[in-house]
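Here's the structure, in structure tokens; my notes come after.
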Amino acid sequence: DPEGVADGPGGWHVDDLVHFPLPSDVARHDARLSMPCFVLQIFTPLTDLESIEYGPTQVVPSSQYAGRRPDRQDGPTFEGRGPESMLSRAGEAYLFNNQIWHRGAPNTSDRHRFLGGITYSRRFIAQRFYPFIDYRMPEHVWEGAGPRLQRFLGRHEKGAYG
């Protein structure tokens with residue numbers, strides 16, 4: 001993002017800055033190249049979101065290759081594809097690259113939309129930024145946790161970045 005400004009909540013957006021920005025005269029990243037995913041979102045609806053009026057998450061497929069923010073707020077498209085709704089039931093889960101264009105659709109129903117979410121990122125990102133730089137996992141969490149659970153919770157051998 002040339003302005004260095006992160007998007008706020010609401011509306012069509014990518015989370016964070018655009019990681020691999022492209023000039024406006026380049027339509028997309030080269031499809032022959034593998035694009036790394038630095039940050040992955042996993043959402044679990046806590047209420048049923050089985051139709052559009054409940055405000056499900058929407059994504060524009062493949063837009064993580066755009067190298068820019070959404071081109072418009074009213075029905076953005078990328079390579080001829082428009083928004084698709086992540087219709088789901090409470091307890092199901094879906095995941096996406098945080099660079100894909102996405103939003104919570106307007107909730108026009110009479111009930112609240114609740115989501116639980118977790119973010120995973122590459123180690124060199126996850127352990128260097130707020131609020132995690134000074135975070136210490138409480139000792140009682142580690143007690144009785146096997147190696148697999150400890151890795152899931154962020155315990156790693158020392159690597160290139162600490």
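Take the sequence shown: its letters are residues 1 to 162, numbered as in full-length UniProt numbering. Even for Gly, the Cβ is constructed at its ideal location relative to N, Cα and C. The structure presented is a predicted model; accordingly, all values stated were derived computationally and were not measured.
For Phe-96, there is no enclosing alpha helix (DSSP H); the enclosing beta strand (DSSP E) has its first and last residue at 94-97.
Counting along the chain, the unbroken beta strand (DSSP E) around Gln-41 starts and ends at 39-45. Its Cα nearest to that of Thr-44, the residue Ile-118 stands out among Ile-118, Pro-106 and Ala-66. In this model, Asn-107 and Arg-113 are separated by some 7 Å (Cα to Cα). Just so you know, the alpha carbons of Asp-25 and Asn-98 end up roughly 23 Å apart. When the beta-carbon positions are compared, His-102 and Gln-58 come within less than 8 Å of each other. A straight-line Cα-Cα distance of about 20 Å links Cys-37 and Pro-23.
Three or more Cβ pairs closer than 8 Å define a contact, and the stretch 47-61 meets that threshold against the stretch 70-89.
Burial state of Phe-78 is buried, judged by a 10 Å Cβ sphere holding 16 or more other Cβ atoms. With a cutoff of 8 Å on beta-carbon distance, Leu-115 and Leu-40 are scored as not near each other.
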